[in-house]
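A.B. asks:
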Amino acid sequence: MPHKQPPRKQSINTGRGARKRDEDSGTEVGEGADEWAQSKATVRPPDQLELTDAELKEEFTRILTANNPHAPQNIVRYSFKEGTYKFIGVVNQLAVHFSQVGNLIPKDSDEGRRQHYRDELAAGSQESTKVVISETEILEEEEEPKESEAEAETEAGSQIDMPAAEDRECQMEPPPRTNFSATANQWEIYDAYVEELEKQEKTKEKEKTKTPVAKKMGKMAMKKMTSMESQSDDITKVTQAAKIVERMVNQNTYDDVAQDFKYYEDAADEYRDQEGTLLPLWKFQNDKAKRLAVTALCWNPKYNDLFAVGHGSYDFMKQSRGMLLLYSMKNPSFPEYIFSSESGIMCLDMHVDHPYLVVVGHYDGNVAIYNLKKPHSQPSFRSSPKSGKHTDPVWQVRWQKDDMDNNLNFFSVSSDGRIVSWTLLKSELVHTDVIKLKVEGGTKDGLDGLQLHTVGCGTAFDFHKEIDYMFLVGTEEGKIYKCSKSYSSKFLDTYDAHNMAVDAVSWNPYHTKVFMSCSSDWTVKIWDHTIKTPMFIYDLNSAVGDVAWAPYSSTVFAAVTTNGKTHVFDLSINKYEAICNQPVVAKKKNKITHVQFNPIHPIIIVGDDRGHVTCLKLSPNLRKMPKEKKGQEVQKGPAVEIAKLDKLLNLVREVKTKT
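Start counting the sequence shown at 2; every next residue gets the next number (the numbering used here).
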């Protein structure tokens, strides 16, 4: 068999250069050479390295990583937080080598099945038209229906090609409605009685036809029904109506007090030298809260006639139960809500946005949340030793803004030196310690070189009205700490405020720099939080239980003392002493514990250690407003109140700088 000549293209490629390379490699290639011999010829590039056997056997290991070798590693960007250029550590390592948008559809998918079905319908319609055209001479009469069938099939195919959006609809029967109108006359009453008698006779006839066993079962069911009706037939069915009637009766009984509250103004204030008086209105008391001191007062932020009263005991040796009562000025004879607890209530607060939620702190260290929409004896949420609580009495609680997840949040302070943030998650209270109070200079060396810190006992606190993170804490040692929610180890500032326990601390509602404190050392002090020394000091000759700023003026505040007196100050009228010193409690044994201003009405409420709450009206001199001048409008508002208090503080600062 003759050797097959290679094609012309290959002979062209094997030119002078190829023949020269073959000569260099030491092989003889001619026109009649075999192809397999050409493939075995080794071609050696001129720049190849000559390596020894040891170098050829040497292994080089390389680790493959997912990093992109072309990705830049020296990206620098400007940091506005630190004010310098900084290297970017995280670099995008993604490298796309190939991407293509495909138009293939899998056969098993829904779209693939729909297209296959449309193709089959189109093929079937074409076959039917062919058959009709070939048989026109034989079946002329049947041509029209076939064409119509083909048209129907093609229409169906076109509908499948363009699927319409599915509209889901639901239909329901309308609720039954009837128009009823009648007049209560004797004939209609007679007809109603006749219908009732007929129904009773029918039921008697049915009972006669029943078997003895069925009669016994029916009697048992009737007995159960009657017993249930007798149990449920109580005052709860007419609670709302009874409450309205009770308020009407009380308004008639205390009509003269209601008239004084609304309309009476003490005309004698015009003849007094800038002094005022307190007019007693109502006295709120309950038999169940006898021998329990009033430990907390708080007005409802939404309903201005409603206030909450906490009952407990400040005496360590006489600890028993506690009571939470809510009174309304519309009904001074009986509380609107009554809750009892095993431990005494020491403090409470009502939520601004949810006025039906009341948080309380107990003497045993627990905190609880009561829901007024569910008037049960037990609180809706309560801490426990298992979930966490204070180890000493809780002296103050305050609602705060909801957290980032819109969960309810409040703070508490206790004698155990902890300020705790409580968050309501679903159905449980979760707590975190914000600050642990430590007495400065109270570190002692214990056994084995351990350092013992003296814990400060927190007694009162208050949060700033505008600066959300800042708050003040008063202690039993007489110090006041300015703290932040962000720092748990250090205080922003420390004030050597009092010689005895701080009973209350309160920020001014208008001026953001001013706060007030009172103590058992008989003093009330007004501070500028940027200055370590007090701006005003007032000695009231008795232990001060509580102080409160007036909501209508930046310079008016009230203080109550254990000798049964209430003191009202107006710094713009008199910077040195109170413009009202009035005994409120009749007996000397009674001690006033707390005071609160109503946010709208010119009244205050004070509580004593016998469980009584007295409501008093401020006379005109105690709530003087700027007088109108001819041709000038009276300026009112927060800016005026801030300027009024700033003027007084500047006078004090000038005196201090001179001395």
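Ideal placement from N, C-alpha and C gives every residue a C-beta, glycine not left out.
Taking 7 Å as the limit between beta carbons, can you name the residues of its chain near residue 320, skipping five residues before and five after?
C.D. replies: Taken in chain order, the residues that qualify are 314, 345 and 364.
A.B. asks: Between which two residues does the beta strand (DSSP E) harbouring residue 609 extend?
C.D. replies: 604-609 is the span of the beta strand (DSSP E), which, as asked, contains residue 609.
A.B. asks: If distances are taken between C-alpha atoms only, which option among 487, 526 and 624 comes closest to residue 517?
C.D. replies: When each option's Cα is compared against that of residue 517, the closest is 526.
A.B. asks: Between the C-alpha atoms of residue 74 and residue 400, what's the straight-line distance to the nearest angstrom?
C.D. replies: Rounded to the nearest angstrom, the two C-alpha atoms are 51 Å apart.
A.B. asks: Could you spell out the range, first to last residue, of the alpha helix (DSSP H) harbouring residue 244?
C.D. replies: Counting along the chain, the alpha helix (DSSP H) containing residue 244 begins and ends at 240-254.
A.B. asks: Give me, in chain order, the residues of the same chain whose beta-carbon lies closer than 7 Å to that of residue 331; leave out the 5 immediate sequence neighbours on both sides.
C.D. replies: Cβ within range, chain order: 248 and 306.
A.B. asks: At least one CB of chain C closer than 8 Å to the CB of residue 270: is that the case?
C.D. replies: No chain C appears in the structure shown, which is made up of a single protein chain.
A.B. asks: Can you tell me the Cα-Cα spacing of residue 653 and residue 539, whole angstroms?
C.D. replies: One C-alpha to the other measures close to 14 Å.
A.B. asks: Who are the near neighbours of residue 501 in its chain, counting only those whose CB is closer than 7 Å to its CB and skipping five residues on each side?
C.D. replies: Excluding sequence neighbours, residue 501 sits near 479, 520, 521 and 522.
A.B. asks: Using beta-carbon positions only, say whether residue 369 and residue 386 come within less than 8 Å of one another.
C.D. replies: For residue 369 and residue 386, no; Cβs fall outside 8 Å.
A.B. asks: Can you check DSSP and say which residues form a bridge with residue 99?
C.D. replies: Residue 99 is not bridged to any residue.
A.B. asks: Assuming residue 541 and residue 649 form a contact by the criterion Cβ under 8 Å, report the distance between their Cβ atoms to the nearest whole angstrom.
C.D. replies: No, residue 541 and residue 649 are not in contact; Cβ-Cβ is about 20 Å, not under 8 Å.
A.B. asks: According to DSSP, what are the bridge partners of residue 385?
C.D. replies: Paired residues: 389.
A.B. asks: With distance defined between alpha-carbon atoms, name the residue in 570, 510, 439 and 312 nearest to residue 706.
C.D. replies: With the chain covering only 2 through 660, there is no way to say anything about residue 706.
A.B. asks: Which stretch, first to last residue, makes up the beta strand (DSSP E) that contains residue 296?
C.D. replies: First-last of the beta strand (DSSP E) with residue 296: 294-300.
A.B. asks: Taking 8 Å as the threshold (C-beta atoms), are residue 605 and residue 617 in contact?
C.D. replies: Yes. Within cutoff.
A.B. asks: Here's the rule: buried if 16 or more other CB atoms are within 10 angstroms of the residue's CB, otherwise exposed. What is residue 716?
C.D. replies: Because the chain spans 2 through 660 in this model, residue 716 falls outside it and cannot be assessed.
A.B. asks: Short of 6 Å in beta carbon distance, which residues of its chain neighbour residue 413, apart from the five on each side in sequence? Order them along the chain.
C.D. replies: 362, 368, 395, 398 and 421.
A.B. asks: Measuring only the C-alpha atoms, how far is residue 383 from residue 340?
C.D. replies: Spanning the two alpha carbons is a distance of roughly 14 Å.
A.B. asks: Distance, Cα to Cα, residue 656 vs residue 536?
C.D. replies: So the alpha carbons of these two residues sit roughly 10 Å apart.
A.B. asks: Within the same chain, show all residues whose beta-carbon is closer than 6 Å to that of residue 337, passing over the 5 residues directly before and after it, in chain order.
C.D. replies: Same-chain partners within the cutoff: 327 and 329.
A.B. asks: Check the C-beta distance from residue 290 over to residue 324 and give it rounded, since I have them as a contact under 8 Å.
C.D. replies: That belief holds up - the Cβ atoms of residue 290 and residue 324 are roughly 5 Å apart, short of 8 Å.
A.B. asks: Is residue 538 helix, strand or coil when you go by DSSP?
C.D. replies: Here residue 538 sits in strand by DSSP.
A.B. asks: Rank 599, 388 and 298 by C-alpha distance to the C-alpha of residue 433 and give the top, closest one.
C.D. replies: Closest option to residue 433, Cα to Cα, is 388.
A.B. asks: Taking 8 Å as the threshold (C-beta atoms), are residue 464 and residue 506 in contact?
C.D. replies: Not in contact: residue 506 and residue 464 (Cβ atoms no closer than 8 Å).
A.B. asks: So is residue 188 buried or exposed if we call it buried at 16+ other beta carbons inside 10 Å?
C.D. replies: So residue 188 ends up on the exposed side.
A.B. asks: Which residues in the same chain have their Cβ closer than 7 Å to the Cβ of residue 583, if we skip the five residues on either side of it in sequence?
C.D. replies: Correct list, in chain order: 278, 279, 566 and 567.
A.B. asks: Are residue 569 and residue 595 closer than 8 Å when you measure CB to CB?
C.D. replies: Not a contact, by the Cβ cut-off of 8 Å.
A.B. asks: Compare the C-alpha of residue 276 against each of 534, 204, 619 and 640 and name the closest.
C.D. replies: Looking at the Cα atoms, 619 is the closest of the given residues.
A.B. asks: Checking 8 Å against the spacing of the C-beta atoms, do residue 283 and residue 333 come in under that value?
C.D. replies: Yes.
A.B. asks: To the nearest whole angstrom, what separates the beta carbons of residue 437 and residue 418, a pair I think is in contact under 8 Å?
C.D. replies: About 6 Å separates the two Cβ atoms, so the contact holds.
A.B. asks: From 472, 513, 504 and 512, pick the residue whose C-alpha is nearest to that of residue 494; which is it?
C.D. replies: It is 472.
A.B. asks: Distance check for residue 512 and residue 637, CA to CA, integer angstroms please.
C.D. replies: Each residue's alpha carbon lies about 15 Å from the other.
A.B. asks: Using a 10 Å radius around the Cβ and a threshold of 16 neighbouring Cβ atoms, would you call residue 651 buried or exposed?
C.D. replies: Exposed is the call here.
A.B. asks: Determine the DSSP secondary structure at residue 22, reduced to helix, strand or coil.
C.D. replies: Residue confidence for residue 22 is low, a pLDDT of 48 falling below 50, so the modelled location carries little weight and cannot support an answer.
A.B. asks: Considering only the alpha carbon of each residue, which of 55, 335 and 592 lies closest to residue 544?
C.D. replies: Residue 544 has its Cα closest to that of 592, out of 55, 335 and 592.
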